[in-house]
Ligand code: SF4
Ligand code: SF4
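In my numbering, the protein residues as written are 5 to 114.
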C-alpha cells in the first residue's frame, strides 16, 4: 500500500514536472510574441474577467482597472472591472500576455 510520505513525494515530483513544463511552454510562447518598442499590449474587453493578474506582473504601471456595469441585471454583483492598457507607459515587455488566464491580451503594432 502507498504510504502518505510516498504519496507526498510523488505529488511534489509531479508538481515540479508540471511547473517546468509550463515554464518551457511560456518560454516558447514569449519568444514567438511580438514585443519591444514597436509593439503595445491591447485588451479585448469582452474576454477580460477583471482578475487583476496583468496588473500584478506589469512593472511599468501600464495597466489600470476600470469599473463597468454588468451586462445582465440578473447578476447582482456590486462591481465588474476590466483592464485597460495605458499605451504611453507600455514598454512592450509581453508579461501581461503570458499572465492573462483568458487570452484577453494581445500585442499589436504601436
Ligand atoms: S506589455 Fe509589459 S509594459 Fe505593456 S502592459 Fe503588458 S506587462 Fe505592462
Ligand atoms: S489578466 Fe486578463 S482577464 Fe485578468 S484583468 Fe488582465 S486582461 Fe483581464
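For each residue, glycine too, the CB sits at the ideal point set by N, CA and C.
9 Å Cβ cutoff, residue i in contact with chain D
i, result
"residue 93", "Checking the listed chains, one finds no chain D in this structure; it contains a single protein chain."
Residue i CB to nearest heavy atom of ligand 2 below 8 Å
i, result
"residue 69", "yes"
"residue 32", "no"
"residue 109", "yes"
"residue 112", "no"
"residue 163", "Look at the range of the chain in this structure, 5 to 114, and you will see that residue 163 is not part of it."
"residue 6", "no"
"residue 105", "yes"
heavy atom of ligand 4 below 8 Å from residue i C-beta
i, result
"residue 10", "This structure simply doesn't include ligand 4; it includes ligand 1 and ligand 2 instead."
Whether residue i touches residue j by CB criterion (9 Å)
i, j, result
"residue 68", "residue 88", "yes"
"residue 112", "residue 46", "yes"
"residue 26", "residue 108", "no"
"residue 44", "residue 94", "yes"
First and last residue of the uninterrupted beta strand (DSSP E) at residue i
i, result
"residue 109", "109 to 113"
"residue 68", "67 to 72"
Span of the alpha helix (DSSP H) around residue i
i, result
"residue 57", "57 to 61"
| query | Using the beta carbon as the reference atom, which residues fall closer than 6 Å to any heavy atom of ligand 1, ordered along the chain? | reply | 45, 61, 62, 64, 66, 67, 89, 94, 95, 96, 97, 98, 99, 100
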